[in-house]
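Following: one structure in structure tokens, then a few remarks.
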Amino acid sequence: MTSKIINMAERIKDAEDRFLESMFDSAPIADDGFSTAIVRKIRRRLWLRRLALPVAAMIGGAIAIKPLAGLVTAAVRLSSLLPQELLTATFSLVPQAPMIVLGAMLLAACLLGLRALDD
Amino acid sequence: MSKVADHQLVARAVSAQDTAAFGELVRRHQSQVRNFLRKLSGDIAAADDLSQDCFMHAWDKLQTFSGRGSFIGWLLKIAYTTFLQSKRKSKRYAEILDQVGHKMETEGQSYSVQSDEVTDLDKLLAVLDDDERAIMIMSYACGLSHREISDATSMPVGTVKSVIFRGKQKIRTSFDIKDHQHG
Chain A
1 MTSKIINMAE RIKDAEDRFL ESMFDSAPIA DDGFSTAIVR KIRRRLWLRR LALPVAAMIG
61 GAIAIKPLAG LVTAAVRLSS LLPQELLTAT FSLVPQAPMI VLGAMLLAAC LLGLRALDD
Chain B
1001 MSKVADHQLV ARAVSAQDTA AFGELVRRHQ SQVRNFLRKL SGDIAAADDL SQDCFMHAWD
1061 KLQTFSGRGS FIGWLLKIAY TTFLQSKRKS KRYAEILDQV GHKMETEGQS YSVQSDEVTD
1121 LDKLLAVLDD DERAIMIMSY ACGLSHREIS DATSMPVGTV KSVIFRGKQK IRTSFDIKDH
1181 QHG
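For the record, the sequence lines run as chains A and B.
Sequential numbering from 1 applies to the first sequence in my numbering.
Sequential numbering from 1001 applies to the second sequence in my numbering.
Given below as structure tokens:
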């Protein structure tokens, strides 16, 4: 009730208010491609955001592939230096190792799938 | 899509990242936002750049629109903030130029008309400070209620009313309004 009275009081305009309204009045501005330009800008930005992660991953992968290959070779060489008994002992102590690796891979695939669905 | 309410378009744009729905909102309100910023800054080209920034900010913040007030009120709040930020930036730029020995041409001016033709409205707006100008434009050009202006400027309703009163008084003392009142 009080807000209605306040709104009504606001609507009661004197001659000065009407004069100011006429002074401030201006013709509507034609769109002339303004909204299209905004939408185009937003779409471009959305595309850039979607592309940013895969592109960064590809670039990172390309940069990392050579040192990664070196690391794998070094690991293989290092494992050949280790006594065979130690390696077999590790696998026998952690029998779930292949399951853990498989589970981690499945989790990563699910997360990627969810992200793709989100997009 | 032209008959869909603003609130529904906002919901569509937020939930489905629907750029077409947001495009319709821009089409509906671009004239008021651009008019507001043109009157506020006095510079058509700068106002249109600011309007673009305003709509880009609006897209980024769309999920914060609660739907309590009108969408145009919410947009004008962003437009006013964008204007103030740009003004602060150019002030800092002027200070840096000043430090290295350059002077900005517009230094010290609160409102400068960048057009060849100075209208009665330009003269009228020139006597007001930024807050008064923004509030008077929101009230008399955009037709916002005192409550909507209060939301847009983050000022209490009482302050909005007193700023309008002060603005009117300034205009009255600077121009002979009484002649127009009855004529």
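No residue lacks a Cβ here, since even glycine has one placed at the ideal position from N, Cα and C.
1) Whether or not the segment 1033-1051 of chain B and the segment 53-72 of chain A are in contact is what I'm after, with contact meaning three or more pairs of Cβ atoms, one per stretch, closer than 8 angstroms; do they touch?
2) Is DSSP giving I29(A) helix, strand or coil here?
3) Please name the residues in the segment 1058-1083 of chain B whose beta-carbon is closer than 7 angstroms to at least one beta-carbon of chain A, in chain order.
4) Using the beta-carbon of each residue, which ones in chain A are nearer than 7 angstroms to S1031(B)?
5) Within 7 angstroms (strictly less), CB to CB, does I65(A) reach chain B?
6) Going by other Cβ atoms of all chains shown within 10 Å of its Cβ, with 16 needed for buried, is T1119(B) buried or exposed?
7) CB-CB under 7 angstroms to D964(B), same chain, minus the five flanking residues each way: which ones, in chain order?
8) May I ask you to list, following chain order, the residues of the segment 1116-1150 of chain B that have a beta carbon less than 7 angstroms from some beta carbon of chain A?
9) Helix, strand or coil: which one does DSSP assign to P83(A)?
10) What three-state label does DSSP hand A1016(B) in the structure shown?
11) Run down chain A in chain order and give the residues with a C-beta less than 9 angstroms from the C-beta of K1168(B).
12) Put Q969(B) into one of helix, strand or coil per three-state DSSP.
13) For the candidate residues S1150(B), Q1030(B), S1139(B), whose alpha-carbon lies nearest to that of Q19(A)?
14) Please state whether the Cβ-Cβ distance between D32(A) and R1027(B) is less than 7 angstroms.
15) Candidates H1007(B), A1046(B), K1039(B): which alpha carbon is nearest I1072(B)'s?
16) Buried or exposed: which applies to R1068(B), given that a residue is buried once 16 or more other Cβ atoms fall within 10 Å of its Cβ?
17) Under 7 angstroms, Cβ to Cβ, is there at least one residue of chain B near R43(A)?
18) Look at the alpha carbon of K1089(B) and the alpha carbon of A1047(B), and state the distance between them as a whole number of angstroms.
19) Terminal residues of the continuous alpha helix (DSSP H) containing V1160(B)?
This is what the structure holds:
1) no
2) Position 29 of the first sequence, counting from 1, holds the residue named residue 29(A). Three-state DSSP puts I29(A) in coil, outside helix and strand.
3) W1059
4) Walking along the second sequence from the start, residue 1031(B) turns up at place 31. In chain order: P28, I29.
5) Working through the first sequence from its first residue, we reach residue 65(A) at position 65. Not closer than 7 angstroms to any Cβ of chain B, the Cβ of I65(A) fails to qualify, so no.
6) Position 119 of the second sequence, counted from the first residue, corresponds to residue 1119(B). Counting Cβ neighbours within 10 Å, T1119(B) comes out exposed, since fewer than 16 surround it.
7) Only positions 1001 to 1183 of chain B appear in this structure, which leaves residue 964(B) out of reach.
8) D1120, L1121, L1124, I1137, Y1140, A1141, S1145, H1146
9) Translated into positions along the first sequence, residue 83(A) becomes position 83. Correct three-state label for P83(A): coil.
10) Taking the second sequence and counting its residues from 1, the one referred to as residue 1016(B) is at position 16. DSSP places A1016(B) in helix when its eight states are reduced to three.
11) Working through the second sequence from its first residue, we reach residue 1168(B) at position 168. Near K1168(B) (Cβ distances below 9 angstroms), the residues of chain A are E16, D17, L20.
12) Only positions 1001 to 1183 of chain B appear in this structure, which leaves residue 969(B) out of reach.
13) Here residue 19(A) refers to the residue found at position 19 when the first sequence is read from its first residue. Looking at the sequence itself, residue 19(A) is Phe, so the reference to Gln does not match. Taking only the C-alpha atoms, the option nearest F19(A) is S1139(B).
14) Here the question's residue 32(A) lines up with position 32 in the first sequence. Here the question's residue 1027(B) lines up with position 27 in the second sequence. Cβ distance not < 7 angstroms, so D32(A) and R1027(B) don't count as in contact.
15) Stepping through the second sequence from its first residue, residue 1072(B) is reached at position 72. Out of H1007(B), A1046(B), K1039(B), H1007(B) has the C-alpha closest to the C-alpha of I1072(B).
16) As a working mapping, residue 1068(B) is identified with position 68 in the second sequence. Counting Cβ neighbours within 10 Å, R1068(B) comes out exposed, since fewer than 16 surround it.
17) Position 43 of the first sequence, counted from the first residue, corresponds to residue 43(A). For R43(A), the answer is yes, since a Cβ of chain B falls inside 7 angstroms of its Cβ.
18) Taking the first residue of the second sequence as 1, we reach residue 1089(B) at position 89. Taking the first residue of the second sequence as 1, we reach residue 1047(B) at position 47. If I take the Cα positions, the gap works out to 15 angstroms.
19) Here residue 1160(B) refers to the residue found at position 160 when the second sequence is read from its first residue. Per DSSP, V1160(B) belongs to the alpha helix (DSSP H) from 1157-1174.
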